[in-house]
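**Q** Sequences listed follow chains A and B, in order.
Once you know that position 58 of the first sequence is 119 in this note's numbering, the rest is easy, because the numbers rise by one and skip nothing.
Once you know that position 157 of the second sequence is 894 in this note's numbering, the rest is easy, because the numbers rise by one and skip nothing.
Note that CB positions come from ideal geometry on N, CA and C, so glycine has one too.
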Amino acid sequence: MKSLVKFFAAATAMAVATVAQAADFKPAVIYDMGGKFDKSFNEGVYNGIKRFTDETGVEVMEFEVTNETQREQAMQRMVQRGATVVLGVGFAQADAISKVASENPDKLFSIIDVNWLDHPNLRQYAFKEHEGSYLVGIAAAMASKTGTVGFVGGMDIPLIRAFACGYVQGAKSANADVNVIQNMTGTTPSAWNDPAKGGELTRAQIDRGADVVYQAAGGTGVGVISAAADAGKMSIGVDSNQNHMAPGSVLTSMLKRVDVAAYQTMKDAMSGDFETGVRNLGLAEEGVGWALDEHNAALITDEMKAAMDAASAAIVAGEVSVHDYRSDNNCPM
Amino acid sequence: MSAVTPPLPRWADVFLLPIINLSIALIICGVIIFAIGENPWTALIVMLKGAFVFPGSLGYTLYYTTNFIFTGLAVAVAFHAMMFNIGGEGQAYVGGLGAGLVAVFLAPSLPLLIALPLAIMMAALFGAFWGLVPGYLQAKRGSHIVITTIMFNFIAASLMVWLLSGPLMAPGQMSSQTVRIAESAEMAKIASLLGYVGFKVASSPLNLSFVLAIIALFVFWVLIWKTKLGYEIRAVGQNPEAAHYAGINVSRIIIITLAISGGIAGLMSVNEILGVQHKVILNFTAGFGFTGIAVSLMGRNHPIGIFLASLLFGALYQGGAELDFEFRTITREVVLLIQGLIILFCGALVHMLNPPMARLLARLIKPKELDHV
């Protein structure tokens, strides 16, 4: 009898604790300068957050920073307002979240596109962009009639070189003789938002025989897609599904599922099962992928789809490993 | 309608007019907030609490105030020579380069007592140089100062982007920024200083640069009204021809004034780089240089006015962010709109109500003055 009472007491205590935890759960997200409707990175996160709120009914506190100092301030204010988990968006917030996470060891933090920090209460998301790029490289090589495909990068940083390197590996795996022309838009942050130059580079690549051009260049990519469409050639979108931007001309889009990272963060923090450390999201984790919808269904042949699915399965199974440029700052191709 | 407008009494120009302008701006803001479905009064309270009452908020307000004092003074000193320096943004940016170079490369091997003053000095010198060149072009080549200072903002931005994404970029990460500066070049945080002497206050970016800004306000007053150089600056501003006939070297004064102006703007980077960010980052000036123009206009180019205007803008920035936190419907775009309206009425339209106000006051006050006659 005594033990039974004890059991009920313990069960009640646990139930109360769980309820308290659910009631105490207050998530927050700090969008970066682009704002939550930037048609790309931040909006991807917003979609993940929206999905979480729609499913669970839990409102997520949010803030869009307008200057450098606000990143740290916003995180601190969220903690002060009772946030139990704070999600940072993008590597620009790395320093801020590092500081706030170490000052608040009892709160949970998560950040996307960062893998070089180390805090016991911080989860970091890195994406295997090279794996997704490998798949669209296969599609590009198979769709090309000229045997020449192109790549236009944004700012010349290791991250973008990893996109390019994965793309080349994929293209060569489908057609060993394929010629890949690569250009970076620039070496400064303005390279992320220079559609005119993106268009120029694309036209130059088309003049040199390229008929499929993949872009990983932020806002510059809009110029790549429209230049390829104008010339009657094909382009490949990046980050979010950009197939709709020039239907019939965008072969596919390499998806980087930041929405998955955002959704996972909130979901895990809510369930109390929040592992910290670095999470590398690749094909196996469905963190990267390629887009197939009504806008490009006619462009993707059955052979392409079969080849990409096979490569995807091989990568997930570990039979094929795609070299990551960032691992040694070198591309074997 | 009389063609001649009576002059506005000084007390009305300095106190009454800014308050009326601010009230009009707040009323329009209230209408907008009401239109998007929030209670304007609650919003105002949140904004005030967010700027002064919440823990740490006063520190944030004064941190923004520090930036505005420097950029406001920079515009004001040039304005006394009737030079419109729009280049505060670029001068502060390049000043940050000066401070950053010292703080990153020299400071690690220097003690605090040498490293910090040296970094501050370099911030001022780099900023001064960025003001001196347009000043020289204006004085000796007749290139209009407004055009050249705007252009120099662009040159500064390009230069900094190139440096921070290239030679000065910190390894092992993706942001365009330098490595962390040495601790010997950091401006101490006020919160931690108060902590040493036993007062516990919430942490905020407020640092000793605020004290530097207060000193700058005083030095500005002495310079403009108590020194020969200040007299010459004002003389050139009032009437360059007369100043020339009085034996003042006008072009020399213009160059010196612009250098001083740029130097003060450069000091803004002491607050941002040495006090808060602790590394040189892209766009740390964040428009503070431009807002300095409104601060100077509203502050009537006087240190006390500039301090009050800076405090107002600091409270707007900090309180505005708090609005964004508090209300789901008030986004950062709405906050920007509110800030913009206040700048519009207190800065750009600062003289709009001057003539009607003067006529009204003249009508009200005249009978009394007649008694004296």
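Please name the residue or residues paired with GLY338 (chain A) in a DSSP beta bridge.
**A** A:ARG184.
**Q** I want to see whether chain A comes within less than 8 Å of SER880 (chain B), judged by CB atoms only; does it?
**A** SER880 (chain B) does not count as touching chain A.
**Q** Spatial neighbours of PHE891 (chain B) within its chain, please: C-beta separation below 8 Å, excluding the five flanking residues on both sides.
**A** Excluding sequence neighbours, PHE891 (chain B) sits near GLY827.
**Q** What do you get for ARG1037 (chain B), buried or exposed, if any count of 16 or more other CB atoms within 10 angstroms of its CB means buried?
**A** Per the 10 Å Cβ criterion, buried.
**Q** Looking at the secondary structure, which residues open and close the alpha helix (DSSP H) in which MET136 (chain A) lies?
**A** Segment 129-141, the alpha helix (DSSP H) holding MET136 (chain A).
**Q** Please state whether the Cβ-Cβ distance between VAL140 (chain A) and LYS160 (chain A) is less than 8 Å.
**A** Contact: no.
**Q** Out of A:LYS87, A:GLU164, A:LEU262, A:ALA322, state which residue places its alpha-carbon closest to the alpha-carbon of ASP272 (chain A).
**A** Out of A:LYS87, A:GLU164, A:LEU262, A:ALA322, A:LEU262 has the C-alpha closest to the C-alpha of ASP272 (chain A).
**Q** Quick check on the DSSP output: the beta strand (DSSP E) that includes PRO904 (chain B) runs from which residue to which?
**A** That residue, PRO904 (chain B), is in no beta strand (DSSP E); it is neither H nor E in DSSP.
**Q** Using the beta-carbon count (16 or more within 10 Å), is GLU969 (chain B) buried or exposed?
**A** Classification for GLU969 (chain B): buried.
**Q** Kindly indicate which three-state DSSP category SER1047 (chain B) falls into: helix, strand or coil?
**A** In this structure, SER1047 (chain B) counts as helix in the three-state DSSP scheme.
**Q** Using the Cα positions of PRO1052 (chain B) and PHE863 (chain B), report the straight-line distance between them to the nearest angstrom.
**A** Looking at the sequence shown, residue 1052 (chain B) is not Pro but Ala. ALA1052 (chain B) and PHE863 (chain B): Cα-Cα distance of roughly 29 Å.
**Q** Taking just the CA atoms, how far does THR779 (chain B) sit from GLY767 (chain B)?
**A** Cα to Cα, the separation comes out at about 10 Å.
**Q** Taking C-beta pairs closer than 7 Å, name the residues in chain A that ILE1075 (chain B) reaches, listed in chain order.
**A** Those do not exist, as ILE1075 (chain B) stays about 13 Å from chain A at its closest Cβ, beyond 7 Å.
**Q** Give me the Cα-Cα distance between ALA232 (chain A) and THR207 (chain A), rounded to the nearest whole angstrom.
**A** Approximately 13 Å between the Cα atoms of the pair.
**Q** Is VAL90 (chain A) near VAL119 (chain A), with beta carbons less than 8 Å apart?
**A** No; because the gap between Cβ atoms is not below 8 Å, this pair is not in contact.
**Q** What alpha helix (DSSP H) runs, 4 residues minimum, are completely inside the region 890-965 of chain B?
**A** As far as the region 890-965 of chain B is concerned, its whole alpha helix (DSSP H) runs of at least 4 residues are 927-933, 946-963.
**Q** Taking only beta carbons into account, state which residues of the region 299-318 of chain A come closer than 8 Å to chain B, listed in chain order.
**A** From the region 299-318 of chain A, no residue has a Cβ closer than 8 Å to chain B.
**Q** Taking 8 Å as the threshold (C-beta atoms), are GLY259 (chain A) and THR248 (chain A) in contact?
**A** No, they are not a contact pair.
**Q** Measure from the alpha carbon of ALA1023 (chain B) to the alpha carbon of each residue in B:PHE816, B:GLY833, B:LEU781, then state which is nearest.
**A** Closest option to ALA1023 (chain B), Cα to Cα, is B:GLY833.
**Q** Would you verify that the beta carbon of MET911 (chain B) is, or is not, closer than 8 Å to some beta carbon of chain A?
**A** Answer yes: the Cβ-Cβ gap between MET911 (chain B) and chain A drops below 8 Å somewhere.
**Q** Can you list the residues of chain B that GLU192 (chain A) reaches, using a CB-CB cut of under 9 Å?
**A** Correct list: empty, because the minimum Cβ distance to chain B is about 19 Å.
**Q** Can you find a C-beta in chain B that's less than 8 Å from the C-beta of GLN131 (chain A)?
**A** Output row for GLN131 (chain A): interface = yes.
**Q** In terms of alpha-carbon separation, which member of A:SER234, A:ALA358, A:ARG184 lies closest to SER382 (chain A)?
**A** Looking at the Cα atoms, A:SER234 is the closest of the given residues.
**Q** Starting from GLY832 (chain B), follow the alpha helix (DSSP H) in both directions and report where the run begins and ends.
**A** 825-838 is the span of the alpha helix (DSSP H), which, as asked, contains GLY832 (chain B).
**Q** For GLN82 (chain A), I'd like the list of residues in its chain whose CB is within less than 7 Å of its CB, leaving aside the five on either flank, ordered along the chain.
**A** With a pLDDT of only 49 at GLN82 (chain A), under 50, the local geometry of the prediction cannot be trusted, and the value read off the model is given with reservation. Excluding positions up to five away in sequence, the list reads GLY333.
**Q** CB-CB under 8 Å to PRO777 (chain B), same chain, minus the five flanking residues each way: which ones, in chain order?
**A** Once the five neighbours on either side are set aside, the close Cβ partners of PRO777 (chain B) are CYS766, GLY767, VAL768, ILE770, PHE771.
**Q** Rounded to whole angstroms, what is the Cα-Cα separation between VAL321 (chain A) and ALA187 (chain A)?
**A** Approximately 12 Å between the Cα atoms of the pair.
**Q** For GLY166 (chain A), which option in A:ALA307, A:ASN176, A:ASN182, A:GLN154 has the closest C-alpha, if you only look at C-alpha atoms?
**A** Reading the sequence as shown, one finds Pro at residue 166 (chain A) and not Gly. Nearest of A:ALA307, A:ASN176, A:ASN182, A:GLN154 to PRO166 (chain A), Cα basis: A:ASN182.
**Q** Using a Cβ-Cβ cut-off of less than 7 Å, list which residues of the region 894-919 of chain B approach chain A; keep chain order.
**A** Within the region 894-919 of chain B, the qualifying residues are VAL898, TRP899, SER902, GLY903, GLY909, GLN910, MET911, SER912, SER913.
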